[in-house]
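Contents: one structure, followed by commentary.
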Amino acid sequence: MGDLKESGAEAPPAGAGARGGLSLLSQGDSEEPCAQGSALFLGGNEVKSRAVVKYSSAPPRTAFARLEEKTDLKLPPANWLRESAKLGPAGTTILGNSKKSKPFSSFGMAYDFIDSVGNDVDVVSDSENIKKLLKIPYSKSHVSMAVHRIGRTLLLDELDIQELFMRSSQTGDWTWLKEFYQRLIDQKWQRKKKSKEHWYQKAILSKFLYYSINGDGAAQPVPSAAEQQESTSSHQTHDSEGASWPAPFEMPSSVSEDPSASSQGSEPLEPSYIVGHVASAPKEQNLTTLFNDGENSQGLKNDFVRNILWTFEDIHMLVGSNMPIFGGGRYPAVSLRLRDNNKPINVLTGIDYWLDNLICNVPELVMCFHVNGIVQKYEMIKTEEIPNLENSNFSTKVIKDIAQNILSFLKSNCTKEGHTYWLFKASGSDIVKLYDLTTLCEETEDKYQNPFTMPVAILLYKVACNMMMKKNQNKKHYGTIRTLLLNCVKLLDKSRHPQIIASANYMLSELFQLDEPKKEENSESPLHENSDESYSEEEEEMPDSDENGSYSTSSDPSDDNKAVAIIKSVGELSVPEKYKSIHQIRPSCAFPVCHDTEERCRLVLSYVLEGLKSVDNSIKKESDLPAADPSTPIPLKYEDESARGGPEGLEKQMALFLDKMGSLQKGNYSSQSGMIPGSWQHKMKLQLILKSSKAYYVLSDAAMSLQKYGRALRYIKLALQSHDTYCCLCTNMLSEVLLFLSQYLTLCGDIQLMLAQNANNRAAHLEEFHYQTKEDQEILHSLHRESSCQGFAWATDLSTDLESQLSVSCKCYEAANEILQFSDLKSQNPEHYVQVLKRMGNIRNEIGVFYMNQAAALQTERIVSKSVSAAEQQLWKKSFSCFEKGIHNFESIDDATNAALLLCNTGRLMRICAQAHCSVGDEFKREFSPEEGLYYNKAVDYYLKALRSLGTRDIHPAVWDSVNWELSTTYFTMATLQQDYAPLSRKAQEQIEKEVSEAMMKSLKYCDVDLVSARQPLCQYRAATIHHRLASMYHSCLRNQVGDEHLRKQHRVLADLHYSKAVKLFQLLRDAPCELLRVQLERVAFAEFQMTSQNSNVGKLKTLSGALDIMVRTEHAFQLIRKELVEEFDQPKGDETSPAADSSPSLNREEVIKLLSIFESRLSFLLLQSIKLLSSTKKKTSGGTLAITLKKMYFSNPTSKSTPSF
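Quick note on the working numbering: the sequence shown kicks off at 1 and runs consecutively.
Spelled out as structure tokens, the structure:
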């Protein structure tokens, strides 16, 4: 009858159930996997084995019923083929009555344990396939398996050639493989039918197992021959139906382009499985099931009672098993076998039993012996004793070597992810061949005849999805994810599977972090530190070859040149490390290095475009837009600026924009292509469009940093067009998306401002703005299918008018701020809110300065007109309004420094207003007007507010010093105008002098001459000038005042004090010799005036002596004048750029000559007066000598034309 295992010990699979613990657990048991391992020492050789049940649908383990001797197994028990409450839904599977294992069984396990695929597990397969591989050197049976590689994991499935070719005869599929098989392997192929003995052994095994769980059940009469024949035929029918191959995997009905197309018995695929839950990398840890019952019926279901993570030596395998396990009492876990007592156990059976127990971690085996179906006896055997049974002796070390060699052989040759490999050994042959069926299939007319194509693509997709969920924790897997997705896309037909292709492309775009900070080149290294052994579909791997010639792909005349690799003799598999890989296959899954932001964004956009194409091609509509012509640019809709009405038109467009923002909160939906809200196309296109807008935003930001403002505006325009389309399609606007829009508009405002400030390169910016790549055109065409993309046209036009550009920039910031007000984004994103308000304050400052400068230009052009024009006043109002709003923006975010700067600019505006009123009236009759005083006082108020805003100099020293300087200048200008154009018609002289003195002293207060800075010389010159002016004023008052002696004395003291301070400060300066000389001469004149009021000669001589001393001290001024004259004389005449380069003012020669003339005349006068006074004095002794000296000096003076009488 043949050995028992070959005759029916296979446990055909059925449905899988709940997660469980070790071995057979009830469905309600804990989901925590129970790890239990074993290390067996057999025959002196150590074999390490550890089994962990990851998934189990088996019922609680029960003790088997020991059958009495002479029990006739040919009679069916009462419970035969019936469901049992003890066993639950998995009962029929455990007892061997379910259908045969399906071709895609490893895929079902891979879908359930997606975390293990690609990284942790080497092999995923049915335990029957594992046993068949490990028995290759001992068995003459044929081996036919499909092998697929996913990362470092190999998926093994039985490839039933007989069933495949039967299908080929009926449907015409797989014809190419049948012809290939007949041509190279078996020219006279014909289907081999199973014997009656096979069905007989299968039937009594099933009855035996049912007896074992229900020993007291009543036996039924033995059926008649006709009934047995019917039962046999029914078993045969079930077997053939159960193993039937699915058609080449069709796409689910919901993914198909044709809505009416649906596979029989299938249900619509949940549209959100890719778009909502997978593609967007959700937080959930469980992937949404890709296949419903319709797809599962085609063979993609996990049919095993238990899934076991089996570690055999260093090989990690995820194995599916349906072996019945009993337990209870003395035997907590045993496997039950039925053996024909007339046939000894052979090596194949022994290996079979040993591996089953090892995989399921069962310590003992119970064998029931029978003769012609009559029970004889039971025998208990420990698992570690199985290799030493009589007639079944084998080495466990050899089995280990076989496993390692086969795995090395497959891993070294099955290198291309997504390809279907065929491992084949003909019956009775010692040669094992490996074919690449994908390559063979591609040589045919329809490469999608391979039924593994779709399951492999889906598995690649699911593994990538699973890794995407963990991408933040493990970025080194990015290269692996990318390889998986690229191979997935390569396998699928774009027209048949648009949903998966769109989702895969979206996930590819998600791999590139657009918002990551810029890093150095070596910081990219973590992306290359990939421990996964995932290989690209583009690599051509060379086979292993060691010095003993492990295997060969060279084709002898008898060899098959179509094979990828060949094992010439199965005996080689028993040689330790015969096929151990001695070379490292170059990993091709390294994440691509993007050297700059633009390259990274362009990669993202290429994936987005492919995704958009897949979505658009899946939408059918009679009024669909025509396909884009790559050679024809998409027309851009421009409006005439005159039609828009400038700033007024901008205000209208802003109002429309705000209305649209309000409607978005209500969820208004409008699509021109007719997409159904909630469909997978709708959800996926939303995600892709949002990704494109982000990519264009990052591109714009990068171009902005490179000062390519035209390019930056083009990119931000595309970003806003993408966002406009998103707004049209979105039914529920997320706050995150509104935040993106606020950021886009903020950047757009920045770009418009920089374009306004860089008007010199306008032509280059314009050229960059109008340039468009083919990729951008195609993306824009996809956007135009849904909306007009004109919602933000007002913000992205490249205007040639400076005022318009500044206004657009301001409106962008205002729109960004308005968006933050719609929802609670302001409080959720305080940093962005502060940045928007800062930019609003800044642009309003820029616009205010623009209007202020325009007003100043009009003022300089106004020569004839005596009154301020209405245009000037309008510009003042606009400028003041902008400054006021900007100050409010900065104060609302407590930005004291910028608020102070805007207050300072407002003060400058007030000074311009004052200057405008200065020019009114005749220059000769001019007086300091009340309007001037009003505006100067307003300017002072704003400067003082700026200082109060800053508080102390420590907050921002530069701004503090600047405000102080402007305030000092304002006081100085006001005092100077009042002094030069005294309003005597309105005020008394004494009041004017008092106001001038107060203004000058306040100017001195805010002019820090001791602070070391670049402005120090200016401060010293300003202070010296103030002291000079005050001294001159008090000098003039002293000359013109009559009467009050006390007041005269006070003026005399003040004049002398300020003259002294002015001289000290001017002496510190190197570029003010004329001013120093003038002050000294005025001091001499002041001394002369004092001498006129003196009566005694002694007093006059003392005053004259002091005056002469002042004249002597002018030597420093003359040295500076001489130095400058020498430098001017030595300067080459042809060098015209040097004077311009010199920051100090050039020496005024006319003024120098005039001052020299005054100096000489005053010196002669002082000498003459001194000689006269000395001559008339009574003390001749000392006075005579001094007189003689003074006479010599006097006569040496060229201005002394005649000899005076003494």
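C-beta atoms are modelled at their ideal positions from N, C-alpha and C, and glycine is treated no differently.
Treat the numbers as computed from the prediction; the structure is a model and nothing was measured.
Based on Cα-Cα distance, which residue from L434, E417, F312 lies nearest to P455? E417
When T970, L1065, M1033 are compared against R1052, the one with the closest alpha-carbon: M1033
Taking 8 Å as the threshold, find out whether the region 1060–1078 comes into contact with the region 1105–1121 through three or more Cβ pairs. yes
Alpha carbon to alpha carbon, what distance is there between S1157 and Q757? 52 Å
Rounded separation between E31 and G108 - CA only: For E31, the pLDDT reaches just 34, beneath the cut-off of 50, and the residue's location in the model is therefore unreliable, leaving the point undetermined.
Indicate whether H765 and L755 have their beta-carbon atoms separated by less than 8 Å. yes
Suppose only complete runs of 4+ residues qualify. What are the alpha helix (DSSP H) ranges in the region 935–980, listed by chain order? 957–980
With DSSP collapsed to three states, give me the class of S606. helix
Would the region 424–431 count as touching the region 497–504 if we require 3 or more Cβ pairs under 8 Å? no
Under the three-state reduction of DSSP, which class applies to R984: helix, strand or coil? Position check: residue 984 holds Leu in this sequence, whereas Arg was assumed. Looking at L984 - three-state DSSP - the assignment turns out to be coil, as it is neither helix nor strand.
On the DSSP bridge assignment, give the partners of C1213 in chain order. Past the edges of the chain, shown from 1 to 1206, lies residue 1213, and the structure says nothing about it.
According to DSSP, what are the bridge partners of M367? R337, E379
Any idea which residues DSSP pairs A146 with across the strands? D157, W422
Is V375 closer than 8 Å to E69 when the C-beta atoms are compared? yes
Classification of D797 by the beta-carbon crowding that lies within 10 angstroms, buried from 16 upward: buried
Please classify D596: does DSSP put it in a helix, a strand, or coil? coil
Quick one: Cα of K877 to Cα of K945, how far? 20 Å
Exposed or buried, what is E128 when buried is set at 16 or more other beta-carbons lying within 10 Å of its beta-carbon? buried
In whole angstroms, give me the CA-to-CA distance for R1070 and D961. 23 Å
Spell out a yes or no on whether the region 1018–1033 and the region 1060–1067 are touching, meaning 3 or more CB-CB pairs, one atom from each, closer than 8 Å. yes
I need the boundaries of the alpha helix (DSSP H) containing S804, first residue and last residue. 802–822
Taking M507 as part of the alpha helix (DSSP H), name the residues at either end of that continuous run. 498–510
Range of the contiguous beta strand (DSSP E) that encloses V124: 123–126
Express the C-alpha separation of A1087 and N1095 in angstroms, rounding to a whole number. 14 Å
Using beta-carbon positions only, say whether G749 and C789 come within less than 8 Å of one another. no
Do F394 and I351 have their C-beta atoms closer together than 8 Å? yes
Answer yes if the region 104–124 comes into contact with the region 142–160, meaning at least three C-beta pairs across the two stretches below 8 Å, and no otherwise. yes
For Q404 and R482, I'd like the C-alpha separation in whole angstroms. 30 Å
In angstroms with no decimal places, state the Cα-to-Cα distance between A1141 and S606. In this prediction, A1141 has a pLDDT of 36, which is less than 50 and means its spatial position is unreliable; what the coordinates show is noted afterwards. Looking at the two C-alpha atoms, the distance is approximately 54 Å.
Entirely enclosed alpha helix (DSSP H) segments - the region 1016–1048, minimum 4 residues: 1016–1040
Identity of the residues DSSP links to P60 by a beta bridge: DSSP, once it has assigned bridges, lists no residue as partnering P60.
Could you please give the first and the last residue of the uninterrupted alpha helix (DSSP H) stretch that includes W310? Not the alpha helix (DSSP H): W310 falls in the beta strand (DSSP E), residues 306–312.
Taking a contact to mean a Cβ-Cβ separation below 8 Å, would you say V836 touches L825 in this structure? no
I want to know whether the region 728–744 touches the region 801–810 - three or more CB-CB distances under 8 Å. no
Output the distance between the C-alpha atoms of E1128 and K1002, rounded to the nearest integer angstrom. 38 Å
Count Cβ pairs between the region 360–369 and the region 325–335 that sit closer than 8 Å; are there 3 or more? yes
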